[in-house]
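Some notes on the structure that comes next.
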Amino acid sequence: MASQLDKKLLSKGNDKDYPKVGDEVTIEYTGWLYDTSKADNEYKGNKFDSSVGRGDFKTQIGVGRVIQGWDQGVPQMSLGEKSRLTIPGHMAYGDRSVLKSLFFDTQGPMSALCIEPVTNRKSWLPNMLCNIAQSTNEISDDGFPGLIPKNATLIFDVHLKGINGKKA
1 MASQLDKKLL
11 SKGNDKDYPK
21 VGDEVTIEYT
31 GWLYDTSKAD
41 NEYKGNKFDS
51 SVGRGDFKTQ
61 IGVGRVIQGW
71 DQGVPQMSLG
81 EKSRLTIPGH
91 MAYGDRSVLK
101 SLFFDTQGPM
111 SALCIEPVTN
121 RKSWLPNMLC
131 NIAQSTNEIS
141 DDGFPGLIPK
151 NATLIFDVHL
161 KGINGKKA
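Quick note: the sequence shown uses full-length UniProt numbering, first residue 1, plus one each step.
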């Protein structure tokens with residue numbers, strides 16, 4: 001499994017416009033759990049989320065509103081680029097119980113601000129994760145069943161479709 005962020009280019013962008021810290025990015029993505037038994041499928045295990053068909057995901061990048069792997073990986077992409085980010089657990093959700101004891105304050109149709117009550121750490125997550133968390137009582141210390149276990153390495157196919165309103 002990856003011990004550091006890995007970015008694999010799937011298709012080139014314009015090679016001139018790159019997001020900077022604080023820029024609003026528009027992204028289409030699909031996320032999978034990294035699965036060592038799935039080498040024949042590029043290690044893509046269970047799909048846990050996708051914006052494809054739901055609408056693009058918009059967020060500020062580099063300011064801690066998304067997982068560290070996105071904050072570091074997306075600024076390496078140029079406008080229009082499609083890349084695969086393989087993100088080790090410590091740059092994703094780490095050893096935290098994902099979504100355990102979080103409050104959710106929905107901010108628009110595609111994301112939710114999640115606030116940990118003890119640390120006040122804020123994270124923006126795709127709305128699907130928050131909707132599922134609000135509709136189940138099956139969250140445990142082992143992570144979120146069926147979604148993202150503790151320390152999980154994640155794979156995201158990311159398409160950078162816009163930067164501060166400029167479209168690819």
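Glycine is no exception: its CB is placed at the ideal position from the N, C-alpha and C atoms.
Span of the alpha helix (DSSP H) holding residue i?
i, result
"Gln68", "Gln68 to Gly73"
Where residue i and residue j are concerned, what is the direct C-alpha to C-alpha distance, given to the nearest angstrom?
i, j, result
"Tyr43", "Tyr34", "5 Å"
"Asp17", "Leu79", "5 Å"
"Leu160", "Val74", "8 Å"
"Thr59", "Ser37", "33 Å"
"Pro149", "Ala168", "34 Å"
"Trp70", "Ile61", "8 Å"
"Ile163", "Phe57", "12 Å"
"Asp95", "Phe48", "18 Å"
"residue 183", "Tyr93", "Residue 183 lies beyond the range of the chain shown here (1 to 168); nothing can be said about it."
"Gln72", "Leu9", "15 Å"
"Ala39", "Gly165", "37 Å"
"Lys12", "Leu147", "30 Å"
Within the continuous beta strand (DSSP E) that includes residue i, where are the two ends?
i, result
"Asp6", "Asp6 to Ser11"
"Tyr29", "Glu24 to Tyr34"
"Val158", "Leu154 to Ile163"
"Arg84", "Lys82 to Ile87"
"Ser50", "Lys44 to Ser50"
"Lys58", "Phe57 to Gln60"
If distances are taken between C-alpha atoms only, which option among the options comes closest to residue i?
i, options, result
"Glu28", "Gln68, Ile67, Ser83 and Gln72", "Ser83"
"Arg65", "His90, Val25 and Gly55", "Val25"
"Trp32", "Gly162, Asp157 and Gln76", "Asp157"
"Asn14", "Thr30, Gly162, Glu81 and Asn164", "Glu81"
"Ile67", "Val52, Ile155 and Lys166", "Ile155"
"Pro55", "Asn41, Ile163, Thr30 and Phe48", "First, the amino acid is wrong: residue 55 is Gly here, not Pro. Checking every option, the nearest Cα to that of Gly55 belongs to Thr30."
"Val63", "Ser11, Gly22, Leu5 and Gln4", "Gly22"
"Ile87", "Gly162, Thr153, Phe57 and Asn41", "Thr153"
Contact defined as beta carbons within less than 8 Å: I believe residue i pairs with residue j. What is the distance between those atoms, to the nearest angstrom?
i, j, result
"Lys7", "Leu85", "6 Å"
"Asn151", "Gly53", "Incorrect: roughly 29 Å between the Cβ atoms, too far for contact."
"Met91", "Leu5", "6 Å"
Hey, is residue i's beta-carbon within less than 8 Å of any beta-carbon in chain C?
i, result
"Ser78", "The chain inventory of the structure shown lacks chain C, comprising one protein chain alone."
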